Structures are given as C-alpha cells and as structure tokens.
Amino acid sequence: MSQQIRKTDLEKSESMSEPSQDNVTLLSEESFDKLTNILENPPKPTQAMKDLMSKPRLTKNGNSL
C-alpha cells in the first residue's frame with residue numbers, strides 16, 4: 001500500500017511541474033531585463049519598510065512571534 005501512496009505522490013508532483021499554457025506570459029526582452037535586474041539588485045528598504053519590519057508580527061491568537 002505504501003508503494004501506491006508513493007506512486008500517487010510522484011504522479012502529483014509530476015503533474016504539478018508540467019507547464020500550463022494558461023499561466024504563461026511572454027515578456028519582451030526589455031521587461032525580462034528589468035525583472036532580472038530587480039532580482040539581482042533589489043531596492044534598498046525605505047524607512048517605512050524598516051519600521052514595518054521592526055514591529056512584532058501577531059499570530060491569529062494575538063500573540064507576537
């Protein structure tokens with residue numbers, strides 16, 4: 001039975017890795033270069049972003065992490 005589960009998990013992971021034409025967006029070379037540049041050289045955080053990151057995150061229970 002464990003072999004069936006493993007096979008099913010493998011089939012799921014294989015089907016998830018297949019590209020879907022519905023989710024494909026073609027980028028121009030300029031757009032691709034802009035995205036690549038952002039990933040390679042992310043912008044520095046603004047002061048507002050730093051302030052937000054310094055606040056404690058709350059869980060669903062209201063407890064901070």
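Counting along the sequence shown from 1, when you hit position 14 you're at 14 in full-length UniProt numbering, and nothing is skipped either side.
Just so you know, even glycine gets a beta-carbon here, dropped at the ideal spot from N, CA and C.
All of these numbers come straight from a predicted model, not from anything done at the bench.
- DSSP places residue 33 inside the alpha helix (DSSP H), whose first and last residues are 29-40.
- Just so you know, the alpha carbons of residue 44 and residue 50 end up roughly 10 angstroms apart.
- Annotated three-state conformation of residue 58 is strand, per DSSP.
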